[in-house]
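Since the structure comes first, as structure tokens, the remarks are kept for the end.
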Amino acid sequence: MTTVTFGQNDNEMTEFDANFSHTVFFWLKNPDNQADRTAFETSLRKFLDNSAYAKTQFIGKPPKASRDVVDGSFTYSLIVSFDSAESQQAYQDEAPHKVFIAESESLWSKVIVYDSIGI
Numbered sequence: 001m002t003t004v005t006f007g008q009n010d011n012e013m014t015e016f017d018a019n020f021s022h023t024v025f026f027w028l029k030n031p032d033n034q035a036d037r038t039a040f041e042t043s044l045r046k047f048l049d050n051s052a053y054a055k056t057q058f059i060g061k062p063p064k065a066s067r068d069v070v071d072g073s074f075t076y077s078l079i080v081s082f083d084s085a086e087s088q089q090a091y092q093d094e095a096p097h098k099v100f101i102a103e104s105e106s107l108w109s110k111v112i113v114y115d116s117i118g119i
């Protein structure tokens with residue numbers, strides 16, 4: 001198992017567990033609406049802060065695409081890592097995750113998830 005520590009700044013260090021990766025892309029219905037973006041980000045951060053299973057807490061947005069192979073059509077990305085598929089399933093069923101969905105699902109038009117296990 002490889003664990004890598006990274007974060008957006010010194011106060012947000014997170015641990016990536018290479019056993020199981022959960023990558024989610026969100027397309028907001030109104031991506032230019034600042035109130036929607038703030039509501040989404042607030043709910044997502046609250047969820048991650050209260051998740052018992054999510055190790056990595058990386059929230060991203062697309063940079064300006066510099067190559068044709070880069071898909072920048074999404075509004076937000078989320079990368080979460082877990083020590084096992086069982087932990088990822090527990091994350092799906094935990095209350096903070098369900099609250100996030102209830103609070104935010106009206107804000108998005110599309111969600112795509114890519115799950116991967118380490119090799």
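Anchor point for the sequence shown: position 92 equals 92 in UniProt numbering, and the numbering is continuous, going up by one each time.
Backbone N, C-alpha and C define an ideal beta-carbon position, used for all residues, glycine too.
The structure presented is a predicted model; accordingly, all values stated were derived computationally and were not measured.
Residue i versus the options, residue with shortest Cα-Cα distance
i           : options             : result
W108        : T75, V80, K46       : T75
V64         : T56, Q57, S73       : The identity of residue 64 in the sequence shown is Lys, whereas the question assumes Val. Out of T56, Q57, S73, S73 has the C-alpha closest to the C-alpha of K64.
residue 125 : Q34, P62, L78       : Missing from the structure shown is residue 125; the chain here goes from 1 to 119 and no further.
A54         : Q88, T42, N30, R67  : Q88
F25         : D49, G118, V80, R67 : V80
Y91         : S51, V70, L28, F58  : S51
K61         : P96, H97, E86, R37  : R37
Delimiting residues of the alpha helix (DSSP H) encompassing residue i
i   : result
F74 : Segment: none, F74 is in no alpha helix (DSSP H) and carries neither H nor E.
N50 : 34-50
K98 : 95-104
Beta-ladder partner(s) of residue i, from DSSP
i    : result
S116 : S21
V111 : F26
S87  : Answer is none; S87 lacks a bridge partner.
S66  : Its beta-bridge partners do not exist; DSSP assigns none.
Beta-carbon proximity check, residue i vs residue j, cutoff 7 angstroms
i    : j    : result
S116 : N19  : no
Y114 : T23  : yes
S66  : S104 : no
F47  : F82  : no
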